[in-house]
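A quick write-up on the structure given underneath.
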Amino acid sequence: MAASDAEAIAIDIQDVGRSFGSQRVLDRVSTRFMTGRATFVVGPSGCGKSLLMKMLVGLETPDSGRILVFGKHVATMNAAELNGLRRRVAFVPQHPALFDSLTVGANIALPLVFHRIQDEAAARSTAVRLLSLFNLADRADLLPGQINQSDRKIVSILRSMACGPECLVLDEPTTGLDSPSRDAVFSMIREIGMVDSGIETLIVVSHDMQSTMAIADRIVFLYKGVVRHDTSPAGFLTATATDPIAAQFLAGAADGPMNTEADEA
Amino acid sequence: MNRRVNEIGLLIQAIVAMTRRPPPLRRIVREVFSCGNRSIVFVCVTMAFFGMILVYEGCMQALALIPDLSSAGPATIRSTIRVFGPLMAGLMVSFRVGAGIAAEAGTMVVTEQDGALLVSGSSPAEWLVAPRLVACIIAVPALTVVGCLAGILAGGALGVGWFGIHPSDFFSLSMVDRGDAAVCAAKSLLNGMAIPVFAAAAGLNTRGGSEGVGVAATSAVVRSCVAVAVIEFLVSTVARVAGA
């Protein structure tokens, strides 16, 4: 995504912490997601990335700290305010989470109907228009079970884009996909910034460092519930020279200090 | 999702969701058909055997004490309408439908569809519970009536055929009054409300993967059955106190 000159804070995460029993999953995490930027949140499995993303739309709550989205404290929002927030900040879960009994078009139309933005017929037209942006208009009448995994992921992303959000949060959009499917999804993510989607802020949780380095404007590296690096792709590359953990993660190496620390823990 | 779903909260959410946006008629019809169609044979067969057991044991005991079977039929009809019909129909629907609702809700949790619903401006209470709540409020009383008829007819066949009771004596409604019908209606309506809510709550509290869904389905059946038994006891007690 192209960086805008008038960059503003879309999401401000301040000292956020969260524990499950005795396990501290997030520990005083602070970072900011700016408008006009594609920020990739990376880190090994279990470091709290998905949990943090769910907190942005109020699906999870922090034990401590606060999250301000467009200047408003998420934890204090009532149901109506949360609904409003979820129109502006769209969240795409790790699984496509499509409803098997509804067609692809009806799945995409769902939030437009639920948020009372359009009636069913208009929402259906919007769904077909969105699908046609990614050459998938012919899938509109198929059931989710009749399309392949990468198309399901893309449909899931399109569903979250249906209401015209300003910010899109993608939680590991390529999980469980083979290499060509991963490329298809990342190619779509690249295109989001180019099509007339209105999305100003993109936040992606990813394990795929190759695509991350190619697309991201900024990288937040979470490790053991703590922000270890919050920098540009070039800055992250530089950091790997002095940080063996970041270096191991970037290389995707099986052996290294991450394993040693895990064994010690 | 990090919050535990409780049954009362889920019921309130479903009712609020229905007042905001009633479930589409085609979904209610589909759910009524699904709930009724999946349970009707099961309810009828079980109630038929239950009715025959009731008549057989009742008549055998009556013969041992007083050799008069004239009240066997009316007593069977009354106890079927007042107690066993709603109880057995409620339990059968819990077995047949409760596990299915919990498995669907549990799968929604495992595949993150519950979160997808919330970010789409809906909720599991609106999407999953509300249509099934309406469907069960319609289907469970209907199944109870059909089950009562099956039990009474099968018991009557045994009473008339085996014990030689005259059909007009057996099928007499002399012991049944409006209060019995009201108790039956109240129990079956409350069962219709409780079963989908308890089952969905068990499913929405699923933790883990497919194993969690299995645990949730079992838990849904147990909780729904206990709820049906509690409703049976409470309504019977309140009805007696109220003189019904």
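These protein sequences, in sequence, are chains A and B.
All letters in the first sequence, in the order written, are residues 1 to 265 by this note's numbering.
All letters in the second sequence, in the order written, are residues 1001 to 1244 by this note's numbering.
Using N, Cα and C, we set each Cβ at its ideal position, and we do this for glycine too.
request  = Report buried or exposed for Lys-54/A, applying the criterion of at least 16 other Cβ atoms within 10 angstroms of its Cβ.
outcome  = As a first step, residue 54/A must be located in the first sequence, where it is residue number 54. So Lys-54/A ends up on the buried side.
Boundaries (first-last residue) of the alpha helix (DSSP H) holding Ile-9/A = Within the first sequence, numbered from 1, the residue matching residue 9/A stands at position 9. Unbroken run through Ile-9/A is the beta strand (DSSP E), 9-20; no alpha helix (DSSP H).
ask   = Can the beta-carbon of Val-104/A be found closer than 7 Å to that of Ala-137/A?
value = Along the first sequence, read from residue 1 onward, the residue named residue 104/A stands at position 104. Along the first sequence, read from residue 1 onward, the residue named residue 137/A stands at position 137. Against a cut-off of 7 Å, the Cβ pair of Ala-137/A and Val-104/A comes out as no contact.
task = Go through its chain and collect everything with a Cβ distance to Ala-1014/B's Cβ below 8 Å, but skip five positions before and after it.
result = Residue 1014/B sits at position 14 when you count from the first residue of the second sequence. These residues qualify, in order along the chain: Ala-1125, Glu-1126, Val-1129, Ala-1130, Leu-1133 and Val-1197.
ask   = Which residues, in order along the region 80-104 of chain A, keep a beta-carbon less than 9 Å from a beta-carbon of chain B?
value = Leu-82, Asn-83, Arg-86, Arg-87, Val-89, Ala-90, Phe-91, Val-92, Pro-93, Gln-94, His-95, Pro-96, Ala-97, Leu-98 and Phe-99
Interface residues of the region 192-224 of chain A facing chain B [CB-CB below 7 Å] = none
task = For Met-34/A, write down the residues that DSSP places opposite it in a beta bridge.
result = Along the first sequence, one-based indexing puts residue 34/A at 34. Met-34/A pairs with Ile-9/A.
task = Kindly provide the ranges of any beta strand (DSSP E) runs that are 3 or more residues long and lie completely inside the region 1154-1185 of chain B, ordered along the chain.
result = none
request  = In angstroms with no decimal places, state the Cα-to-Cα distance between Leu-1010/B and Asp-243/A.
outcome  = By one-based count along the second sequence, residue 1010/B stands at place 10. By one-based count along the first sequence, residue 243/A stands at place 243. Going from the Cα of Leu-1010/B to the Cα of Asp-243/A covers about 49 Å.
Ile-1137/B to Pro-1086/B span [Cα, whole Å] = For the purposes of this step, residue 1137/B is taken as the residue at position 137 of the second sequence. For the purposes of this step, residue 1086/B is taken as the residue at position 86 of the second sequence. Their Cα atoms are separated by approximately 13 Å.
Against chain B: residues of the region 105-134 of chain A by CB proximity under 7 Å = Leu-110, Pro-111, Phe-114 and His-115
task = Would you check whether the ligand FAD has a heavy atom nearer than 6 Å to the C-beta of Met-1088/B?
result = Absent from the structure shown: the ligand FAD. Ligands present: none.
query = On the three-state DSSP scale, how would you describe Arg-124/A?
reply = Translated into positions along the first sequence, residue 124/A becomes position 124. Three-state DSSP puts Arg-124/A in a helix.
query = Leaving out the 5 sequence neighbours to the left and right, which residues in its chain are closer than 8 Å to Gly-65/A when beta-carbon positions are compared?
reply = Position 65 of the first sequence, counted from the start, is the residue given in the question as residue 65/A. Around Gly-65/A: Ile-13, Gln-14, Asp-15, Val-16, Gly-17, Arg-28, Val-29 and Ser-30.
query = Is the region 148-164 of chain A touching the region 90-108 of chain A, taking contact as three or more C-beta pairs under 8 Å?
reply = yes
ask   = Cβ atoms of Arg-1178/B and Ala-1202/B: under 7 Å apart, would you say?
value = Taking the second sequence and counting its residues from 1, the one referred to as residue 1202/B is at position 202. Taking the second sequence and counting its residues from 1, the one referred to as residue 1178/B is at position 178. No, they are not a contact pair.
request  = Count the other C-beta atoms from every protein chain shown that fall within 10 angstroms of the C-beta of Glu-1211/B, then say buried if there are 16 or more, exposed otherwise.
outcome  = Taking the first residue of the second sequence as 1, we reach residue 1211/B at position 211. So Glu-1211/B ends up on the exposed side.
key: Proximity below 7 Å, CB of Ser-156/A to CB of Leu-177/A   = Counting from one through the first sequence, the residue named residue 156/A turns up at place 156. Counting from one through the first sequence, the residue named residue 177/A turns up at place 177. In this structure, Leu-177/A does not lie closer than 7 Å to Ser-156/A by Cβ.
query = Do you know whose CA, among Ser-1071/B, Ala-1227/B and Thr-1107/B, lies nearest Gly-990/B's CA?
reply = Given a span of 1001 to 1244 for chain B in the structure shown, any question on residue 990/B remains unanswerable.
inquiry  = Need the endpoints of the alpha helix (DSSP H) that Arg-1027/B sits in, please.
reply    = The residue given as residue 1027/B occupies position 27 in the second sequence. Where Arg-1027/B is concerned, the enclosing alpha helix (DSSP H) stretches over 1025-1065.
inquiry  = Using only the alpha-carbon positions, how far apart do Ala-2/A and Ala-8/A sit?
reply    = On the first sequence, position 2 is the one that residue 2/A refers to. On the first sequence, position 8 is the one that residue 8/A refers to. Only weak support exists for where Ala-2/A lies, its pLDDT of 49 falling under 50; the value from the coordinates is given anyway. Using only the alpha carbons, I get a separation of about 14 Å.
key: Straight-line Cα distance separating Ala-1062/B from Leu-1117/B   = Position 117 of the second sequence holds residue 1117/B. Position 62 of the second sequence holds residue 1062/B. Going by the C-alpha atoms only, they are around 59 Å apart.
key: Backbone CA spacing between Leu-1149/B and Leu-131/A [nearest angstrom]   = For the purposes of this step, residue 1149/B is taken as residue 149 along the second sequence, with counting starting at 1. For the purposes of this step, residue 131/A is taken as residue 131 along the first sequence, with counting starting at 1. Whole-angstrom Cα-Cα distance: 54 Å.
query = In chain B, which residues lie with their C-beta within 9 Å of the C-beta of Ser-30/A?
reply = To locate residue 30/A, count along the first sequence from 1; it is residue 30. Correct list: empty, because the minimum Cβ distance to chain B is about 21 Å.
key: Given Glu-1007/B as reference, the closest of Ala-1199/B, Glu-1232/B and Ala-1242/B once Cα atoms are compared   = For this step, residue 1007/B is matched to residue 7 along the second sequence. Considering only alpha carbons, the answer is Ala-1199/B.
task = Mind checking which residues open and close the alpha helix (DSSP H) that includes Asp-151/A?
result = Your numbering for residue 151/A matches position 151 in the first sequence. That run of the alpha helix (DSSP H) goes 149-161.
query = According to the neighbour-count rule (16 or more other Cβ atoms, all chains shown, within 10 Å of its Cβ), is Lys-49/A buried or exposed?
reply = Residue 49/A sits at position 49 when you count from the first residue of the first sequence. So Lys-49/A ends up on the buried side.
inquiry  = So Val-57/A contacts chain B; which residues on that side make the cut at Cβ distance below 9 Å?
reply    = Here residue 57/A corresponds to residue number 57 of the first sequence, with the count starting at 1. Neighbours of Val-57/A on chain B, chain order: Gly-1115, Leu-1118 and Val-1119.
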